Every structure is written in structure tokens, then in C-alpha cells.
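Peer 1:
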Amino acid sequence: MHSIGNLEISPNEIDLTHTLTPGQSFRWKQDARGRWVGVVHGRVLRIWREGNKIRFEAFPGDPDESLIRDYFRLDVNLAALYSQFAQVDPRMSGVIQRFKGLRVLRQEPEETLLSYICSAANSVKRISSSVEILSKKYGELIAEVENEEYYSFPTAATLAAVDSECMKGICSLGFRCANLNSIARQLSDRPGWLNSLRGMSYEDARKGLLELRGVGKKIADCVLLFSLDKDQAFPVDTHIRQIATRYYLPEFEQKSLTSAVYEQIVGHFQEKFGEYAGWAQEYLFYEDLLSREERSH
DNA sequence: ACGAATCCTGGGCA
DNA sequence: ATGCCCAGGATTC
């Protein structure tokens, strides 16, 4: 009999919608009943909230609470973070109120890096669609859930062996395919290297990632924050840049996002928010994302 | 060090 | 219909 897992945790400590809406991961979808379905560690995971409980299932197999705790970083206490953020930045109180329960995920490093290579000058909607095509084409079938087949994200070894011109015609990633193939080759040449960055300092891990051709600061910082346990990593994209110049660093308004400006923005927020600056980044990110959506409707 | 052009592609908009 | 601009970047000159 297929079983369902239970985890008692308040909505203040985790809000699935805020956490799984695209921005960190590109693989989660909501089904007709509002349950979130995604692929994590080679399993299909279905998860939703009922009152004060999180409920979850795995396909195939049994629900694994330790996997949920690990993936959603339930060891991190949001209430403590909130009081710290609000203390150093009064404006954060309102932002936190809006996005209470948003968490940074702990994703698989290889998948995270390869996905973010696809994100260069691309929109979330198209990244998600390309990632799905790649998985279907080069990944492995995991399970069929409610008449839908789910595939694992392809391994670096697999993508390394795919001709990038050939890939181009399939996934509509264009020039990013050559990068994807190149990074995949670099990773499969050094098995275990990427995961080993988890054990290194933020500075060293960042340096390591930036040595990969095709990985700049933005992508490096995303991979550090979303998969390599570097909570101070602070990716600066156009959303963050907007927020930064609007509320915190008006003097950068006219400046283009050069390498130096990028580092100054990162430095400002790391100094302000401290070792969990990356978590604050997600809140600021969503603030701008939603305000843009409101404006365009 | 900075700014600009280039890399695919689909959607929005004049 | 057609052309231009841009989208959660990185590299090169």
C-alpha cells in the first residue's frame, strides 16, 4: 500500500507556494488539486499542506522524511532569521510579512549548475520548458503519476556525450547548448569535484566555480546558494538590481552592472544581512518579481 | 575598467 | 505581416 508522510510544521516555517514557485528550481508544477509535484534525487515527490501539516508522497517508494528535511532545509529556523533581518532593515518587515514561509532549497549541485547554464538571458517559462524537454529526451523514466511520465534530470556524463548542434534542434536553448555541453564535459572529467565544494569555504567554492568557462558571477552565486550550502551567496540579477537601486543604493542607478558594481551590491547586502544574506535575497527577489507581474497585468 | 556587440529563440508590441 | 526589443548572462574586443 502506498503511504503518505506527515510532518507537523507551521505555515510560518514553510510556505510551499512561495518556496517552489520558479526562481530557485525549474522542475515543480502544481496539479489540479494544488499539490506540488517535482523530481528530487531521482524520485517523484508530491507534497502539499493540510492545516498545520505538510503531507508528502514519493514515487516509486515510500515517503522519506529525512529527504524532506534536507531538501527544504528544515534545520534552518525562519523565525530567528526574520527577527534578525527586520532588526537590520526595517523595510524587510513588510517583505517578510508578504512572503512568510519562503525557504531556500538544498538542491542537487549538478542539476542546479546545468539548469542555471540554461538560464542565461532567458525567461523562467522557457527555462522550465527546456529543462523538461532535456529530461524527457536525455533523462531516465522514473514513474508515471496521474497519467504523466516523470524523468530524471540528465547526468553530466549523458549531456557530455550529446552533440550540441543536435541538442539545439530539440530544446530551443540556442547558443546555451554549447555551454551546456562544455560544462557537462568539464564536470564529467572531474567526478565528485562539484559536490566537494560543499565542504569548502564560500570564497574558495566561488573561485572554483568561476574557473569554469561559461560560469560567471550570477550563475556561480545561484549554484552556491541553491545547492552548495553557501547561505551568504547573494546572486544579483535584474530583479535584485532594481530593488537595490530603488531602495538601498540609489547611487548605482545610472551605472551598468559591471563586475565591480556587482561585487559592491553583493558586499552591501552581505554586510547588512550577514551569514544568511542569500535568504534575504530570495525575499527581495520575489518582491520585485511580483511587483513586475502586477504592473504588466 | 568600462561599454557594446554577439550568441538562439519566442513572445510582445508598435 | 514585418521588424524591433527584450528575457533572471557570459565572453570577447
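Per our numbering, residue 717 is the first one in the first sequence, and the count goes up by one each step. All C-beta atoms, glycine included, are put in the ideal place defined by N, C-alpha and C. The structure displayed is predicted, hence computed values, not measured ones.
#1: Are the Cβ atoms of Lys934 and Pro907 separated by less than 7 angstroms?
#2: By how many angstroms is the C-alpha of Leu829 removed from the C-alpha of Leu896?
#3: So, Ser912 versus Ala894, is the Cβ gap smaller than 7 angstroms?
#4: In whole angstroms, what separates the C-alpha of Ile730 from that of Phe788?
#5: Work out the CA separation of Cys887 and Val753 for me, nearest whole Å.
#6: Cα-Cα, which of Met808, His757 and Gln902 is closest to Ile784?
#7: In chain order, what are the residue ranges of uninterrupted alpha helix (DSSP H) at least 4 long that sit wholly in the stretch 749-836?
#8: On a CA-only basis, which of Ile720, Ser943 and Tyr1002 is nearest Ala774? Give me that one, please.
#9: Which residues in the same chain as Glu856 place their Cβ atom closer than 7 angstroms to its Cβ, once the five residues preceding and following it in sequence are excluded?
#10: Leaving out five residues on either side along the sequence, give the residues of the same chain with a beta carbon under 7 angstroms from the beta carbon of Cys834.
#11: So for Gly930, helix, strand or coil by DSSP?
#12: Give the secondary structure of Asn722 by DSSP, where H, G and I count as helix, E and B as strand, and everything else as coil.
#13: Output yes or no for whether 7 angstroms exceeds the beta carbon distance between Val820 and Pro738.
#14: Can you tell me whether Gln986 is buried or exposed, with buried defined as 16 or more other CB within 10 angstroms of its CB?
#15: By a C-beta neighbour count over all protein chains shown, 10 Å radius and 16 as the cutoff for buried, is Thr974 buried or exposed?
#16: So the beta strand (DSSP E) Leu875 belongs to, where does it begin and stop?
#17: Mark Ile991 as exposed unless 16 or more other C-beta atoms lie within 10 angstroms of its C-beta, in which case mark it buried.
#18: Identify which residue in Pro806, Ile770 and Arg822 has its Cα closest to the Cα of Asn728.
#19: For Val804, collect the residues of the same chain with a Cβ closer than 7 angstroms to its Cβ; drop the 5 residues on either side in sequence, then sort them by chain order.
#20: Determine the extent of the alpha helix (DSSP H) in which Ala894 is found, giving its start and end residues.
#21: Tell me the DSSP bridge mates of Val847?
#22: Under the three-state reduction of DSSP, which class applies to Ala949: helix, strand or coil?
#23: Could you spell out the range, first to last residue, of the alpha helix (DSSP H) harbouring Tyr978?
#24: Can you tell me whether Leu944 is helix, strand or coil according to DSSP?
#25: Cβ atoms of Leu944 and Ala976: under 7 angstroms apart, would you say?
#26: Just the C-alpha distance for Asp1004 and Val760, rounded to the nearest angstrom, thanks.
#27: Ile858 lies in the alpha helix (DSSP H); which residues open and close that run?
#28: For the candidate residues His984, Arg962 and Lys923, whose alpha-carbon lies nearest to that of Ser1007?
Peer 2: By the coordinates alone:
#1: Their beta carbons are not under 7 angstroms apart, which means Lys934 does not touch Pro907 by this criterion.
#2: 9 angstroms
#3: No.
#4: 8 angstroms
#5: Approximately 22 angstroms between the Cα atoms of the pair.
#6: Ranking Met808, His757 and Gln902 by CA distance to the CA of Ile784 puts His757 first.
#7: 781-787, 794-804, 807-815 and 825-834
#8: Ile720
#9: Tyr867 and Ser868
#10: Ile843, Ser846, Val847, Leu889, Arg892 and Leu896
#11: coil
#12: strand
#13: no
#14: buried
#15: exposed
#16: Counting along the chain, Leu875 falls outside any beta strand (DSSP E), though it belongs to the alpha helix (DSSP H) covering Ala872 to Ala876.
#17: According to the sequence as given, residue 991 is Glu; it is not Ile. With fewer than 16 Cβ atoms within 10 Å of its Cβ, Glu991 is classed as exposed.
#18: Ile770
#19: Lys988 and Phe989
#20: For Ala894, the uninterrupted alpha helix (DSSP H) run begins and ends at Arg892 to Asp905, by DSSP.
#21: Answer by DSSP bridge pairing: none, since Val847 is not bridged.
#22: coil
#23: Ser975 to Phe989
#24: coil
#25: no
#26: 31 angstroms
#27: Element bounds for Ile858: not the alpha helix (DSSP H) but the beta strand (DSSP E), Leu857 to Val861.
#28: Arg962
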